[in-house]
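**Q** Just passing along the structure, written as structure tokens.
There are 2 protein chains.
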Amino acid sequence: MRGVSNLNMASGEGGAESGRPATIDDVAALAGVARASVSRALNDQANVSAKMRERVLRAAEALNYRANPQARSLASRASKALALINCPALDAEPNSYYFAALELGALRAAAIAGFELSTLNVDANDPRRGEKVIELFESGRTAGVILPPPLSDDAALAATLVERGYPAVCISPSDAVRALLPGAGFDEQAAGKQIAERVLAKGHSRLGYLLGIEGHFSAEKRFAGFLEALAEAGLDPDAVTVLRGDFSFRSGVELGQAMLDGAERPTALICANDDMAVGALFAAHRRHLVIPDDISIVGFDDAPISGRIWPPLTTVHQPIRRIAASALDQLVEIVLRGQPPRPRFETIGYHLVERESLAPPRD
Amino acid sequence: MRGVSNLNMASGEGGAESGRPATIDDVAALAGVARASVSRALNDQANVSAKMRERVLRAAEALNYRANPQARSLASRASKALALINCPALDAEPNSYYFAALELGALRAAAIAGFELSTLNVDANDPRRGEKVIELFESGRTAGVILPPPLSDDAALAATLVERGYPAVCISPSDAVRALLPGAGFDEQAAGKQIAERVLAKGHSRLGYLLGIEGHFSAEKRFAGFLEALAEAGLDPDAVTVLRGDFSFRSGVELGQAMLDGAERPTALICANDDMAVGALFAAHRRHLVIPDDISIVGFDDAPISGRIWPPLTTVHQPIRRIAASALDQLVEIVLRGQPPRPRFETIGYHLVERESLAPPRD
DNA sequence: CGATCGACTGGAAGCGCTTCCAATTTGCTA
DNA sequence: TAGCAAATTGGAAGCGCTTCCAGTCGATCG
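Residue numbers (the numbering used here), protein chains in the order written: chain V, 1 to 363; chain E, 1 to 363.
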């Protein structure tokens, strides 16, 4: 038994002669240089000769050396704890796909960067929600935060963060916040316009729109894009039935119902996100309507569910995980460099996903 | 500006007199004891007087002291890196709800326990998949692994792990593995029986069953429970149309189609998981069948989608996140104690979720 | 050609914690 | 009350890494 184990070890998996992973000192010894030089070479800092770098790299390679993130962050005094704030509305779904995807994307990027990422839940309706974020920094344990909506629309919070020099990166921030803090997202307005154009191109003119939470920047932008498309098509925005929801499946069901029961039922319903679109679809099914014959429904996000329901949803693919990863990478860079966050915005690509919930109107 | 910031700091958020978090030395100084004593008291080790513990605790409390996990794990030489193995079949869906939930549940528990958790992707069809897990340990970076299906059915791997003393905990392991390694899951067979009974109670007798991946223990147990219910009801198992899928939505669509097009279409279709059930539902919709009038469909897992599709799915709620968290907690305990993993199995509760995809047969 | 400067490099001091080991105290026994 | 083991406590040595500081060395300048 032991023999087998040793055999495997001898086969040269790990680093040093023992089975334990190689340390920086092992690399230094093999390369015949000082520990400090290894550190410098590996973190490609200035003042390292090409020869030195080469030797160190080769030794590290030979030993299969991987720096111990614990020791590294301890030594560099960086409290490498990052936080992702989850700030749902009280009445929203408990575990929306949106936040789960955000969390997973950020978590993976954090693992790669060697940072810890914790999640802080803050009630969106709490008036002190901003202070809770600030407290995170003041307690000294947090080096930076990722702010998803609706916190990424909170200009006052952003201003405070900037003023005190606390690193923060936003997910889909509003224009006001975007001027203050870096962020990641995609062009919501262009996407909103594009899907609206697609609907219009099918020949729909009696439209319904399910808005997201009031003041939610992404949702407003999507709607602005919709309005833009409407204007370009020469359609009257007042003729559109607009209802305000809160991004949840439940609100989609309720508002979808209202929309269907209304005097003048639209032939196409555009929803600010997929959850609501799925809810509207649910409501339509309950009314025994046939989609897209009786009514077309489109969403926004391309949540996994959208391709599995019947009929599969035409929507805009939003790469949430990549956005979260981008935000985290930016945050890491800021924390590492110690520079105040410059308001850079990383735009991630999106694309329209055409499925079967959108078709020309019946008449 | 600075004034505001200082004011907040003075208001006593953090620990030491400066804004930085309190260290163990701050606590030791305040309590007037040695650093070592603080460490012992806080980790409630033996040989600490009640008085000492009291003093330390009070000082730590006063300073709002929280141990630095980096330093702790560095000093304790514990490579606190745990790994969750993702071992999907080549042709399965890329990001199934199941694994995402597993990951999130484990990730959160890991954060609480102060452990790092990384994810390793291994191809289920790779004959060397077991070795990859072993290598994780041999490289010296991993202290323990969580093995979800199908790895939790791999008795050879489990035996190797036990033999070498590598900590591992399984998700829904097979009986053979359960005898070797600790694990967490729920009583699949009882659940499988329960949902089958529910179907039978509605009056169905022409049944279809969509199996999961061959040899997948959970799936087999669910089927065994189904068979049990059948036997108790005095029904002939041979009269059931049984098709084998792979847990994916796509296989659900394909097999659902086959099932519906078959000579003798069942009045109720039982699926080994929700993804396949949703796929079958999708196929039924495409055939313009009405559910549950034309055919009842039930699933297994209670994935979020199950309550949002039409009609909402009758299924068994499987608390994946709690199972993952339980597995991680067990793993942490094993790693911390350094004891060989005893084969303890933690059973998490499940419950039947009755929705609208199950109804009496039409005839 | 010697002083000066800059680019590199090595030595050493910790980061905050655990843990081994020695020193001290305590609780009893004789 | 002396004497000894057990219980407790303090001191100190690192864990693996970064980083400050001082030294080395070759090249440049007057």
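Glycine residues also receive a C-beta, built at the ideal position from the N, C-alpha and C atoms.
1. Can you tell me whether E/Q45 is buried or exposed, with buried defined as 16 or more other CB within 10 angstroms of its CB?
2. Measuring only the C-alpha atoms, how far is E/G349 from E/V242?
3. Sorted by chain position, which residues of the same chain lie with C-beta nearer than 8 Å to E/A284's C-beta, five sequence neighbours on each side aside?
4. For E/S118, go through chain V and note every residue whose CB falls closer than 7 Å to its CB, in chain order.
5. Starting from the Cα of E/A156, find the closest Cα among E/L136, E/E138, E/G144, E/E131 and give me that residue.
6. Once you ignore the five residues that flank E/A60 on each side, which residues in its own chain have a CB closer than 7 Å to its CB?
7. Counting only C-beta atoms, is E/E17 closer than 9 Å to chain V at any point?
8. Hey, would you say V/I171 sits closer than 9 Å to E/R308, going by beta carbons?
9. To the nearest angstrom, report how far apart E/Y209 and E/F223 are at their CA atoms.
10. Out of E/R287, E/Y65, E/N68, which one is the CA nearest neighbour of E/G262?
11. Which residue's Cα is closest to the Cα of E/S174: E/A196, E/G245, E/P149?
12. Would you kindly work out how many angstroms separate the C-alpha atoms of V/T119 and E/D238, rounded to a whole number?
13. With a threshold of 9 Å between beta carbons, is V/Q70 in contact with chain E?
14. Could you check what DSSP says for E/Y65 in three-state terms: helix, strand or coil?
15. Starting from V/L352, follow its DSSP beta bridges and name the residues at the other end.
16. Check whether the Cβ atoms of V/I398 and V/L84 lie closer than 9 Å to each other.
17. Between which two residues does the beta strand (DSSP E) carrying E/I85 extend?
18. If you measure beta-carbon to beta-carbon, which residues of the region 305-317 of chain E are closer than 7 Å to chain V?
19. How many angstroms separate the CA atom of E/V366 from the CA atom of E/V169?
20. Report the rounded CA-to-CA distance for E/L211 versus V/Q189, giving the unit in angstroms.
21. Shortest alpha-carbon distance to E/A324 belongs to which of E/A67, E/F99, E/A191, E/L30?
22. In or out: E/N121 buried (at least 16 other Cβ within 10 Å) or exposed?
23. Give me, in chain order, the residues of the same chain whose beta-carbon lies closer than 6 Å to that of E/A101; leave out the 5 immediate sequence neighbours on both sides.
24. Quick check on this structure: which residue in E/D329, E/L281, E/F137, E/A268 has the alpha carbon closest to the alpha carbon of E/K202?
25. So, E/V316 versus E/A191, is the Cβ gap smaller than 9 Å?
26. Following the continuous alpha helix (DSSP H) through E/L260, name the residue where it begins and the one where it ends.
27. So the alpha helix (DSSP H) E/Y98 belongs to, where does it begin and stop?
28. Return the chain-ordered list of same chain residues with a C-beta closer than 6 Å to the C-beta of V/R40, the five sequence neighbours on each side being excluded.
29. Classify V/I195: buried if its beta carbon has 16 or more other beta carbons within 10 angstroms, exposed otherwise.
30. Between V/F345 and V/G183, how many whole angstroms is the CB-CB distance? I'm expecting something under 8 Å.
31. Name, please, each residue of chain E whose Cβ falls closer than 7 Å to the Cβ of V/F282.
32. Hey, out of V/R55, V/N273, V/F300, V/A22, whose CA is closest to V/V33's CA?
33. Closest Cβ-Cβ distance between V/A158 and chain E: below 9 Å?
34. Check whether chain E comes within 9 Å of V/E354, counting only Cβ atoms and requiring the distance to be less than that.
35. Which residues in chain V have a C-beta closer than 7 Å to the C-beta of E/A224? List them in chain order.
36. Which residues does DSSP list as the beta-bridge partners of E/F345?
**A** Walking through what the data contain:
1. Walking along the second sequence from the start, residue 45 of chain E turns up at place 45. So E/Q45 ends up on the exposed side.
2. For the purposes of this step, residue 349 of chain E is identified with residue 349 of the second sequence, where counting begins at 1. For the purposes of this step, residue 242 of chain E is identified with residue 242 of the second sequence, where counting begins at 1. Going from the Cα of E/G349 to the Cα of E/V242 covers about 28 Å.
3. Residue mapping note: residue 284 of chain E aligns to position 284 of the second sequence, counting from 1. Cβ neighbours of E/A284 beyond the five flanking positions: G256, L260, I291, D294, I295, I297.
4. The residue labelled residue 118 of chain E in the question sits at position 118 within the second sequence. Per Cβ cutoff of 7 Å: A111.
5. Position 156 of the second sequence, counted from the first residue, corresponds to residue 156 of chain E. When only C-alpha atoms are compared, the closest one is E/E131.
6. Here residue 60 of chain E refers to the residue found at position 60 of the second sequence. Hits under 7 Å: V27, L42.
7. Locating residue 17 of chain E in the second sequence gives position 17, where the first residue counts as 1. With a pLDDT of only 42 at E/E17, under the threshold of 50, the placement of this residue in the model should not be trusted, and no figure is reported.
8. Residue 171 of chain V sits at position 171 when you count from the first residue of the first sequence. Residue 308 of chain E sits at position 308 when you count from the first residue of the second sequence. Not in contact: V/I171 and E/R308 (Cβ atoms no closer than 9 Å).
9. As a working note, residue 209 of chain E is residue 209 in the second sequence. As a working note, residue 223 of chain E is residue 223 in the second sequence. Whole-angstrom Cα-Cα distance: 8 Å.
10. On the second sequence, position 262 is the one that residue 262 of chain E refers to. The candidate whose alpha carbon is nearest that of E/G262 is E/R287.
11. By 1-based counting over the second sequence, the position of residue 174 of chain E is 174. Residue E/P149 is the option with its Cα nearest to E/S174.
12. One-based indexing of the first sequence puts residue 119 of chain V at position 119. One-based indexing of the second sequence puts residue 238 of chain E at position 238. If you take the alpha carbons of V/T119 and E/D238, they lie about 51 Å apart.
13. If you number the first sequence from 1, residue 70 of chain V lands on position 70. Closer than 9 Å: yes.
14. Numbered from 1 along the second sequence, position 65 holds the residue referred to as residue 65 of chain E. Coil at E/Y65, not helix or strand.
15. In the first sequence, the residue the question calls residue 352 of chain V occupies position 352. Paired residues: V/V316.
16. Chain V is shown from 1 up to 363; residue 398 of chain V falls before or after that span and cannot be answered.
17. Indexing the second sequence from 1 puts residue 85 of chain E at position 85. From DSSP, the beta strand (DSSP E) with E/I85 extends over 81-86.
18. I305, R308, I309, W310
19. There is no way to answer for residue 366 of chain E, as the model of chain E reaches only from 1 to 363.
20. Taking the second sequence and counting its residues from 1, the one referred to as residue 211 of chain E is at position 211. Taking the first sequence and counting its residues from 1, the one referred to as residue 189 of chain V is at position 189. C-alpha separation (whole angstroms): 45 Å.
21. Sequence index remark: in the second sequence, residue 324 of chain E carries index 324 (1-based). Per the Cα distances, E/F99.
22. Against the second sequence, residue 121 of chain E aligns to sequence position 121. When all chains shown are included, E/N121 counts as exposed.
23. As a first step, residue 101 of chain E must be located in the second sequence, where it is residue number 101. Hits under 6 Å: I320, R321.
24. Mapped onto the second sequence, residue 202 of chain E falls at position 202. Comparing Cα-Cα distances from E/K202 to each of E/D329, E/L281, E/F137, E/A268, the minimum goes to E/A268.
25. As a first step, residue 316 of chain E is located in the second sequence; it is residue number 316 there, counting from the start. As a first step, residue 191 of chain E is located in the second sequence; it is residue number 191 there, counting from the start. Contact flag set, yes.
26. Here residue 260 of chain E is taken as the residue at index 260 of the second sequence, counted from 1. Start and end: 249-261.
27. For the purposes of this step, residue 98 of chain E is taken as the residue at position 98 of the second sequence. Run containing E/Y98: 97-113, per the alpha helix (DSSP H) assignment.
28. Numbered from its first residue, the first sequence carries residue 40 of chain V at position 40. Around V/R40: V48.
29. Counting from 1 along the first sequence, the entry for residue 195 of chain V is found at position 195. By the neighbour-count rule (16 or more Cβ atoms within 10 Å), V/I195 is buried.
30. Within the first sequence, residue 345 of chain V is the residue found at index 345, counting from 1. Within the first sequence, residue 183 of chain V is the residue found at index 183, counting from 1. Right, the Cβ-Cβ distance comes to about 5 Å (below 8 Å), so this counts as a contact.
31. Indexing the first sequence from 1 puts residue 282 of chain V at position 282. What V/F282 touches in chain E: R308, W310.
32. Reading the first sequence from its first residue, position 33 is the one you call residue 33 of chain V. When only C-alpha atoms are compared, the closest one is V/R55.
33. In the first sequence, the residue the question calls residue 158 of chain V occupies position 158. It does not; no Cβ of chain E falls within 9 Å.
34. On the first sequence, residue 354 of chain V is found 354 positions in, with the first residue counted as 1. Not one chain E Cβ lies under 9 Å of V/E354.
35. In the second sequence, the residue the question calls residue 224 of chain E occupies position 224. Within chain V, no residue comes near E/A224; the closest Cβ sits about 28 Å away, beyond 7 Å.
36. Along the second sequence, read from residue 1 onward, the residue named residue 345 of chain E stands at position 345. Answer is E/G183, bridged to E/F345.
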